[in-house]
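Notes follow the structure.
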Ligand SMILES: Nc1ncnc2c1ncn2[C@@H]1O[C@H](COP(=O)(O)OP(=O)(O)OP(=O)(O)O)[C@@H](O)[C@H]1O
Ligand SMILES: [Mg+2]
């Protein structure tokens with residue numbers, strides 16, 4: 162599904178504070194599985210996810226998505242691929258305050274130009290699935306942490322992506338809610354979606370829902 | 002096409018919501034913007050109202066007016082002068098006119114008395130402009146009295162009210178019979194004020210004027226087109242000067258708009274970062290921001306223009322009266338008739354929306370190229 | 008120089024357009040020099056992001072040029088009262104030698120900006136941005152054109168003096184004068200009619216042909232046909248369409264039809280005409296790049312759409328013109 166070969170990523174290249182966050186990553190990620198990245202802080206997990214998720218380009222190396230090389234593409238096309246193929250769940254949820262849950266969920270679909278009625282129907286279906294229907298019109302800042310995360314998940318799913326990328330999804334949740342989240346992950350893989358996540362939480366990394374754990378240190382993979 | 006339209010609708014929808022979420026922040030800009038439009042529009046509406054008033058007055062006047070000069074001063078037309086002109090090629094009709102300025106001591110306003118043939122206005126009666134009649138609370142059939150040349154009241158009956166097509170005429174015009182006119186002013190018999198000539202072909206006017214000037218060296222022909230040109234020129238010039246002064250104001254506004262657009266709040270930066278991360282393209286963000294600019298511009302323009310309209314045509318532009326005094330030298334006093342023309346609105350739009358848009362383009366772009374991976378850090 | 012609000016606005020707009028592109032020119036140069044689509048470096052990313060700024064700026068300049076084109080003519084018409092002998096825009100434009108060149112260059116800027124935007128649009132559809140260098144080279148060419156535009160307008164407006172005796176549409180477009188425009192006006196109505204309908208049929212047919220065939224040759228041909236069609240259409244307006252609109256056998260002015268007295272019929276005519284001509288020219292210009300490998304799939308699609316627009320524009324123009332002629336009380340050709 163996703164092949165990464167010899168990926169390097171430098172920040173501030175050519176300047177005195179040049180920093181190589183990724184130093185030669187080779188990895189194949191299988192479709193339909195949950196892959197977890199773990200490693201100490203600063204090891205490059207987030208950086209790797211941004212490259213896989215087409216949020217950033219590698220300084221060198223190749224990233225292939227379903228056999229197609231996406232590493233050298235201009236941002237315009239990366240965005241298109243990102244919108245179509247990836248859904249993101251962030252640590253801070255990153256919902257837009259002042260908008261209702263429903264409005265937040267349809268945000269990623271606005272540039273596609275699908276009619277609003279369709280979008281609202283899709284969003285309501287997702288909310289139903291996540292048992293949040295009654296909170297659809299509530300402003301997101303009024304929601305609890307767990308509810309906010311479910312809104313964030315619904316937002317990640319609105320464009321029906323094949324891959325869900327979650328960076329530290331459970332860092333802001335207590336262990337009960339984290340457990341619920343892992344349960345949701347299982348339902349995603351059951352629906353054929355691929356999940357990539359990072360976490361420091363052993364509960365998450367060692368959960369039964371995770372199929373594969375990849376460990377990182379200093380911008381490199383270490384064999385688990 | 003359909004999806005393009007839907008996309009724009011989504012973007013507008015989003016931008017309206019985002020404007021509403023930052024009411025306090027946007028209100029300041031909107032207020033300043035509206036104020037600018039208001040000031041420029043008041044100025045421009047005032048100028049164009051004067052211009053159209055002048056054009057109206059002149060449209061009804063003859064192509065050429067012949068005055069007689071004695072020792073360089075305007076003098077009465079003596080008997081026989083009209084006949085001495087003879088036939089001039091191109092002149093369709095010539096007519097000796099009898100009119101005068103009269104300062105009404107009661108209202109203090111300057112009136113124009115004009116003599117008409119007895120068939121139009123019977124002896125002993127007058128015709129008044131509607132506004133003048135309203136101001137003096139006169140109706141048809143009432144009798145009024147002006148003080149004649151000796152200061153004695155000269156009673157006249159209001160025969161009917163005029164429906165002139167210009168505010169200026171309606172406020173100042175008084176028509177009376179020739180016999181009354183001469184008796185009122187003790188105007189010498191057989192003398193006239195000036196001579197009106199109508200010339201059909203506009204290209205002939207110049208020829209006619211030079212022929213007249215050659216045949217009657219003691220006369221001064223005044224061309225209507227020349228007056229019109231002079232007025233246009235004066236008005237445009239004054240408006241232009243004021244606008245140039247205001248270019249400084251517009252520039253300041255543009256800088257203000259630039260700073261407003263460039264100084265995104267942390268919240269707004271975060272929002273754009275989120276949008277980009279979840280699949281908005283740079284050009285989507287630019288488009289969204291351009292829509293925002295358009296919404297702000299159009300709102301400010303519409304409300305500023307409307308306010309200016311009310312200011313000028315309902316209240317007589319009190320805020321600008323001191324600045325624009327020079328104009329009122331042309332006409333002593335009158336209320337303005339609402340008049341707008343497309344060019345004026347277009348120009349005004351240009352002077353306000355264009356600097357704003359030009360100023361915010363670069364900040365918009367800056368905001369739109371936010372790194373999409375920002376929110377992951 | 009006349010101190011007139013619209014004139015100040017026009018000069019301001021022309022100056023700002025020049026300044027904007029001039030300020031952007033160094034960036035365009037750096038794109039030309041340093042562009043390397045294969046590189047994942049941060050520098051390349053910076054360059055790529057700058058391209059968004061240029062598209063936005065040029066779109067803005069184009070929108071402004073369209074607005075100023077209208078304002079320019081509108082204003083010329085209004086100023087006519089200031090000049091002895093001027094009765095409409097033609098008279099005002101003739102007050103000095105710079106009026107008509109200024110108008111023509113203004114139109115040129117408009118068409119060039121549109122063509123550039125079409126190229127830009129196609130380029131943005133290909134994943135390797137194959138036309139970046141061509142695009143920014145062309146952008147640098149647009150700058151002198153904008154400067155010329157500003158200079159001509161400045162010369163024209165600064166040379167305006169009230170009371171100058173000028174010749175108006177009566178003499179410029181009258182049949183006796185020996186100017187090109189007069190030659191156009193004195194075309195025998197029947198011949199003018201033939202030329203007009205032949206030209207418009209060719210333009211419409213070329214648009215439809217390229218829409219169906221999407222070939223490089225017929226695309227290039229459409230570019231030529233649209234440019235020629237534009238000139239022929241204007242000839243038609245001057246030689247007979249205006250006469251029918253004015254219902255006057257000798258009034259050949261292409262500007263007076265924009266006036267209120269004629270129900271703004273001029274706008275109804277010129278809008279589809281300008282749109283159709285610009286779309287056709289853009290489709291033609293795109294054919295220069297038809298052989299670029301990464302554009303093979305997308306370019307014909309865009310250019311076909313432009314061709315359809317062009318055909319539709321010319322068709323609408325022709326139909327409207329015909330309608331005005333048929334509904335006119337004027338009879339030029341006895342049958
Ligand atoms: N934009 C940037 N500029 C400079 N350095 C950066 C940038 N982004 C990340 N880095 C550096 O790259 C390294 C890897 O960062 P990254 O966020 O990928 O780590 P991480 O494994 O996700 O850590 P954590 O577990 O704390 O989230 C860090 O040392 C960080 O300081
Ligand atoms: Mg991290």
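Protein chains in written order, with my numbering: chain U, 162 to 385; chain R, 2 to 378; chain V, 8 to 342.
For every residue, glycine included, the Cβ atom is placed at its ideal position computed from N, Cα and C.
- Query: ligand 2 heavy atoms versus the CB of residue 207 of chain U: any closer than 7 Å?
  - Reply: Your numbering for residue 207 of chain U matches position 46 in the first chain. Yes, the beta carbon of residue 207 of chain U sits closer than 7 Å to at least one heavy atom of ligand 2.
- Selection from V:116, V:81 and V:114 that minimises the alpha carbon distance to residue 99 of chain V: Locating residue 99 of chain V in the third chain gives position 92, counting from the first residue. Looking at the Cα atoms, V:81 is the closest of the given residues.
- Message: Tell me the DSSP secondary structure of residue 261 of chain V in three-state form.
- Response: Mapped onto the third chain, residue 261 of chain V falls at position 254. Coil.
- Give the DSSP-derived three-state secondary structure of residue 293 of chain U in the structure shown. One-based indexing of the first chain puts residue 293 of chain U at position 132. Coil at residue 293 of chain U, not helix or strand.
- Measure from the C-beta of residue 348 of chain R to each C-beta in chain V and report whether the shortest distance is under 8 Å. For the purposes of this step, residue 348 of chain R is taken as residue 347 along the second chain, with counting starting at 1. Answer yes: the Cβ-Cβ gap between residue 348 of chain R and chain V drops below 8 Å somewhere.
- Given 8 Å, three or more beta-carbon pairs between the region 355-372 of chain U and the region 268-281 of chain U: no
- Query: CB-CB under 7 Å to residue 296 of chain U, same chain, minus the five flanking residues each way: which ones, in chain order?
  - Reply: Locating residue 296 of chain U in the first chain gives position 135, counting from the first residue. For residue 296 of chain U, where only same-chain residues beyond five positions count, the Cβ hits under 7 Å are 262, 304 and 308.
- Is any heavy atom in ligand 2 found nearer than 7 Å to the beta carbon of residue 273 of chain U? Locating residue 273 of chain U in the first chain gives position 112, where the first residue counts as 1. It does not: the Cβ of residue 273 of chain U is nowhere closer than 7 Å to a heavy atom of ligand 2.
- Task: Kindly say whether residue 63 of chain V, judged by its beta-carbon, lies nearer than 8 Å to any beta-carbon of chain R.
- Result: In the third chain, residue 63 of chain V corresponds to position 56, counting from 1. Yes, because at least one Cβ of chain R sits closer than 8 Å to the Cβ of residue 63 of chain V.
- Task: At 8 Å on the CB atoms, spell out the chain R contacts of residue 81 of chain V, in chain order.
- Result: Taking the third chain and counting its residues from 1, one reaches residue 81 of chain V at position 74. Result: 343, 344 and 347.
- Roughly how many angstroms separate the alpha carbons of residue 327 of chain R and residue 149 of chain R, rounded to a whole number? Taking the first residue of the second chain as 1, we reach residue 327 of chain R at position 326. Taking the first residue of the second chain as 1, we reach residue 149 of chain R at position 148. Model confidence at residue 327 of chain R stands at a pLDDT of 48, short of 50, so the residue's coordinates are unreliable and nothing is read from them.
- Task: Measure the alpha-carbon distance for residue 57 of chain R versus residue 107 of chain R and round it to whole angstroms.
- Result: Within the second chain, numbered from 1, the residue matching residue 57 of chain R stands at position 56. Within the second chain, numbered from 1, the residue matching residue 107 of chain R stands at position 106. When rounded, the distance between both Cα atoms is 28 Å.
- Query: If you draw a straight line from the C-alpha of residue 375 of chain U to the C-alpha of residue 19 of chain R, how long is it?
  - Reply: Stepping through the first chain from its first residue, residue 375 of chain U is reached at position 214. Stepping through the second chain from its first residue, residue 19 of chain R is reached at position 18. Each residue's Cα considered, the two are about 41 Å apart.
- Query: When DSSP labels each residue in this structure, what does residue 372 of chain U get in the three-state scheme?
  - Reply: Counted from its first residue, the first chain places residue 372 of chain U at position 211. Note: residue 372 of chain U maps to coil in three-state DSSP.
- In chain U, what lies closer than 7 Å to residue 48 of chain V by C-beta? What you label residue 48 of chain V is simply residue 41 of the third chain in a count that begins at 1. What residue 48 of chain V touches in chain U: 174 and 220.
- Task: Report buried or exposed for residue 249 of chain R, applying the criterion of at least 16 other Cβ atoms within 10 angstroms of its Cβ.
- Result: For this step, residue 249 of chain R is matched to residue 248 along the second chain. It is exposed - the Cβ of residue 249 of chain R has fewer than 16 other Cβ atoms within 10 Å.
- Residue environment, residue 373 of chain V, which counts as buried when at least 16 other CB atoms sit within 10 Å: A question about residue 373 of chain V goes unanswered here, because the residues of chain V that appear run from 8 up to 342.
- Task: Step through the CB atoms of chain R and report whether any lies within less than 8 Å of the CB of residue 236 of chain U.
- Result: Here the question's residue 236 of chain U lines up with position 75 in the first chain. Yes - at least one Cβ of chain R is within 8 Å of the one on residue 236 of chain U.
- Query: Quick one: what does DSSP say residue 166 of chain U is sitting in, helix, strand or coil?
  - Reply: Counting from 1 along the first chain, the entry for residue 166 of chain U is found at position 5. The answer is strand: DSSP assigns residue 166 of chain U an E or B state.
- Compute the beta-carbon to beta-carbon distance between residue 358 of chain R and residue 273 of chain R, rounded to the nearest angstrom, for a pair I have assumed lies under 8 Å. Translated into the one-based positions of the second chain, residue 358 of chain R becomes position 357. Translated into the one-based positions of the second chain, residue 273 of chain R becomes position 272. Not a contact, Cβ separation roughly 19 Å.
- Report buried or exposed for residue 243 of chain U, applying the criterion of at least 16 other Cβ atoms within 10 angstroms of its Cβ. The residue given as residue 243 of chain U occupies position 82 in the first chain. Its Cβ being crowded by 16 or more others within 10 Å, residue 243 of chain U is buried.
- Task: Can you pull the chain U residues whose beta carbon is under 7 Å from the beta carbon of residue 298 of chain R, in chain order?
- Result: Numbered from its first residue, the second chain carries residue 298 of chain R at position 297. Those do not exist, as residue 298 of chain R stays about 23 Å from chain U at its closest Cβ, beyond 7 Å.
- From R:320, R:292, R:252 and R:364, residue whose alpha carbon lies closest to that of residue 265 of chain R: In the second chain, residue 265 of chain R corresponds to position 264, counting from 1. That would be R:364, whose Cα lies nearest to the Cα of residue 265 of chain R.
- Could you tell me whether any non-hydrogen atom of ligand 2 is closer than 7 Å to the CB of residue 359 of chain U? Taking the first chain and counting its residues from 1, the one referred to as residue 359 of chain U is at position 198. Yes, since a heavy atom of ligand 2 falls inside the 7 Å radius drawn around the Cβ of residue 359 of chain U.
- Task: May I ask you to verify whether the region 59-74 of chain R touches the region 206-215 of chain R, counting CB pairs closer than 8 Å and requiring at least 3?
- Result: yes
- Task: Select from R:173, R:145, R:45 and R:100 the residue whose C-alpha is nearest the C-alpha of residue 342 of chain R.
- Result: Taking the second chain and counting its residues from 1, the one referred to as residue 342 of chain R is at position 341. Ranking R:173, R:145, R:45 and R:100 by Cα distance to residue 342 of chain R puts R:45 first.
- Query: Which residues does DSSP pair with residue 156 of chain R in a beta bridge?
  - Reply: Here residue 156 of chain R refers to the residue found at position 155 when the second chain is read from its first residue. Answer is R:146.
- Hey, does residue 228 of chain U have any beta-carbon neighbour from chain V nearer than 8 Å? Start at 1 with the first residue of the first chain, and residue 228 of chain U comes out as number 67. Chain V, which has no Cβ nearer than 8 Å to the Cβ of residue 228 of chain U, makes this no.
- Message: Just to confirm, is the Cβ distance from residue 153 of chain V to residue 28 of chain V under 8 Å?
- Response: Taking the first residue of the third chain as position 1, residue 153 of chain V is located at position 146. Taking the first residue of the third chain as position 1, residue 28 of chain V is located at position 21. A contact, by the Cβ cut-off of 8 Å.
- Query: How is residue 234 of chain R classed by DSSP in three states: helix, strand or coil?
  - Reply: Taking the first residue of the second chain as 1, we reach residue 234 of chain R at position 233. Looking at residue 234 of chain R - three-state DSSP - the assignment turns out to be helix.
- When burial is assigned at 16 or more other CB atoms within 10 Å of the CB, is residue 338 of chain V buried or exposed? By 1-based counting over the third chain, the position of residue 338 of chain V is 331. So residue 338 of chain V ends up on the exposed side.
- Task: Assess, as a yes-or-no matter, whether the region 272-281 of chain U is touched by the region 220-230 of chain U under the definition of 3 or more beta carbon pairs within less than 8 Å.
- Result: no
- Scan the region 237-268 of chain V for residues whose Cβ lies nearer than 9 Å to a Cβ of chain U and list them as they occur along the chain. none
- Query: Should residue 215 of chain V and residue 287 of chain V be called a contact, given that it needs their Cβ atoms to be closer than 8 Å?
  - Reply: Here residue 215 of chain V refers to the residue found at position 208 when the third chain is read from its first residue. Here residue 287 of chain V refers to the residue found at position 280 when the third chain is read from its first residue. No, the pair does not count as a contact, with Cβ atoms beyond the cut-off.
- So what's residue 333 of chain R in DSSP terms, helix, strand or just coil? As a first step, residue 333 of chain R must be located in the second chain, where it is residue number 332. Because residue 333 of chain R sits at a pLDDT of 43, beneath the cut-off of 50, its placement in the model cannot be relied upon, and the following sentence gives the value as read from the coordinates. Reduced to three states, the DSSP call for residue 333 of chain R is coil.
- Query: In or out: residue 306 of chain R buried (at least 16 other Cβ within 10 Å) or exposed?
  - Reply: For the purposes of this step, residue 306 of chain R is identified with residue 305 of the second chain, where counting begins at 1. With 16 or more other Cβ atoms within 10 Å, it is buried.
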